[in-house]
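This report refers to the structure that appears directly beneath it.
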Amino acid sequence: MVYSEEQKKALKIRVDYNNMMKKYVGEYGISDAEITALTGKAGKAHKAMEEKRLNGGMDWRQLPYNQKEVVADIKAYVDEVKDDIDAFVVLGIGGSALGPICVQQAINHPFYNELPKEKRGGYPKLYVADNVDPERLSYLFEVIDPAKSLFNCISKSGSTSETMSQFMIIKELLEELLGKEEAAKHIVCTTDIAKGNLIKIAKEEGYKTFIIPAGVGGRFSELTPVGLLPAAMCGVDIEAMLEGAAYMDELSKTEDIYSNPSYMFAILSYIAMEQGKNISVMMPYADSLKYISDWFAQLWAESLGKKTDNTGNVVNAGQTPVKSLGVTDQHSQVQLYTEGPFDKMIVLIGVDKFRRTMTIPKIYQDIPSLGFLGGVTQNKLIATEQMATEYALQKAGKANMTITLPEVNEFTLGELMYMFEVATGFAGELLNINAFDQPGVEEGKNATYAMFGRPGYDEKKAELDAKPEKSEKYVI
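Quick note on the working numbering: the sequence shown kicks off at 1380 and runs consecutively.
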């Protein structure tokens, strides 16, 4: 679908940051002067973003525009295979898993896998095997038939231990069940065009392959085949997602921070960090958006959590993302948010129009504490509870903002995810850190390789062997 300008405006997400401001939450809020004082720094950050975009430092910003051939290839492949498979299994970790889970939950039926295939539009079930807990994959084989499944191995380097271990297990299983030639039809790879182990294996084995653009990192990869293939395999309109992202890109190009939702989200978060609010709580008031918090957590934590800045100074930057769900976590976490420390900013996400309406029957009218609910829709109830939480936080002087989607669909989801990506990049510029590397992750990976005796990691193994021995004194 091609959206008109009128339709785009109607589907524009809104960012309401009134309750981030001192005027509404008092001492622990942000003043207009604090935002104004960042004008110069924000201008420099904007120019840095533009320069990086032009010189290939942010290739993910071109994804809303340069995926037409990829989308056509994905759609043709889905049409070719979907009728012959019952399950599509993603083998990936980090952004390769969190993005597909987030999109599936947001767009499709919440019990998608439990529906019969005809009610899924003829599309296969989706499973995401992202961990190496030995029980996970073993139990998966008890609910799927590998011979009627398609396995999507996602690894840009082809050396991701978790993903490649799963791939190796499944490759052997399929070849034992089906023979080498037939097994190859049940594996599709998403990887780099030339570098790494997986592309070499895919070429040797004849696997269908989709390419991750070289300049796009894992946590920014949802709008590449990493996320587009699993989404399309479940009937999601991936072209609408890209169109929503493109619309948000247009909104995010302006240097005017007061009309740029991505920049303002980053600026408010940056000032909050400067104030000591080192925790960012994301609390969607819609089950469909539950996993946007999981996806955002990786994006924000892995991008901004850095020991040193761009000049080598130790800064230990970052803000810890916390996942929450309204109204569920009103009964588990909101007590802390309203009366606990002033170390958090809280991001509520609401929806104007839900896809279903559920009316509470007019019964128990003789019980005042229940009767008032009669005739009310749950749509109104969840919206009212969201507003009540916002009020409770505001009254307690706790900084919070509300992001509202007119409705949850592919277009608005593309907008939301892209806004968070641009905000992450902009926050990195404000913090003067590299938002696009992950040295802390690499340290753990390298330690794992060394402990397994992987060639080339002798020095790291020696370092590990030299670490202090644990004392029984501190083991109970």
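We treat Cβ as the ideally placed atom computed from N, Cα and C, and that holds for glycine.
This structure is a prediction, so every number in the text was calculated from the model and none was measured.
- For the pair of segments examined, the region 1464-1484 was found to touch the region 1595-1609: the number of CB pairs separated by less than 8 Å reaches three.
- Setting aside the 5 residues that flank it on each side, Ile-1453 is surrounded in the same chain by Leu-1607, Leu-1608, Ala-1611, each with a C-beta closer than 6 Å to its C-beta; the list follows chain order.
- By the Cβ-count criterion, Gly-1804 is buried, with 16 or more other Cβ atoms from all chains shown falling within 10 Å of its own Cβ.
- With the rule of 3 Cβ pairs closer than 8 Å, the region 1705-1714 does not count as touching the region 1740-1748.
- In this structure Ala-1485 does not touch Val-1507 by the C-beta definition: roughly 14 Å separates them, more than the 8 Å allowed.
- According to the DSSP secondary-structure assignment, Ala-1466 is paired through a beta bridge with Lys-1504, Ser-1528.
- The three-state secondary structure of Cys-1613, taken from DSSP, is coil.
- Less than 8 Å divides the Cβ of Lys-1723 from the Cβ of Lys-1656.
- For Met-1661, the secondary structure class from DSSP, reduced to helix, strand or coil, is strand.
- The beta-carbon separation of Cys-1613 and Tyr-1586, rounded to 21 Å, does not stay under the 8 Å limit for a contact.
- Annotation for Glu-1584: Ala-1563 place their beta carbon closer than 7 Å to its own, counting only its chain and skipping 5 residues before and after.
- Val-1511 is the residue among Val-1511, Glu-1838, Ala-1526, Leu-1557 whose C-alpha sits nearest the C-alpha of Glu-1541.
- Looking from the CA of Tyr-1382, the closest CA among Glu-1514, Asp-1616, Val-1706, Pro-1720 belongs to Asp-1616.
- Gly-1474 and Leu-1792 have their C-alpha atoms some 16 Å from each other.
- The beta strand (DSSP E) runs of length 3 or more contained entirely in the region 1383-1444 are, from start to end of the chain, 1393-1395.
- One alpha carbon belongs to Arg-1432, the other to Ala-1526, and they sit about 44 Å apart.
- For the pair Asn-1758 and Leu-1519, the Cα-to-Cα distance works out to about 35 Å.
- The alpha-carbon separation between Val-1701 and Gly-1719 amounts to approximately 15 Å.
- Assignment of Met-1737 by DSSP, reduced to helix, strand and coil, places it in the coil class.
- By the C-beta density criterion, Asp-1462 is exposed, having fewer than 16 other C-beta atoms within 10 angstroms.
- Within the region 1693-1754, the complete alpha helix (DSSP H) segments at least 4 residues long are 1713-1718, 1747-1750, listed from N- to C-terminus.
- Within its own chain, the residues whose Cβ lies closer than 6 Å to the Cβ of Glu-1634, once the five positions on either side in sequence are excluded, are His-1425, listed in chain order.
- In the structure shown, Leu-1602 adopts coil according to DSSP, grouped into three states.
- Counting only runs of 4 or more residues that sit fully inside the region 1755-1802, the alpha helix (DSSP H) segments are 1757-1774, in chain order.
- Distances from the alpha-carbon of Asp-1411 to those of Val-1522, Val-1450, Val-1394, Leu-1647 put Leu-1647 closest.
- With fewer than 16 other Cβ atoms from the protein chains shown falling within 10 Å of its own Cβ, Ala-1593 counts as exposed.
- Looking at the DSSP output, Ile-1566 bridges to Phe-1530.
- Of the other Cβ atoms in all chains shown, 16 or more fall within 10 Å of the Cβ of Gln-1545; this residue is therefore buried.
- Here Glu-1764 has Val-1706 as same chain residues with Cβ atoms under 6 Å from its own Cβ, once five neighbours each way along the sequence are excluded.
- Residues of the same chain with a CB within less than 6 Å of the CB of Lys-1839, apart from the 5 flanking positions on each side, are Asn-1825, Ala-1829 in chain order.
- When secondary structure is reduced to three states using DSSP, Thr-1687 falls in the strand class.
- Phe-1589: member of the beta strand (DSSP E) spanning 1587-1590, first to last residue.
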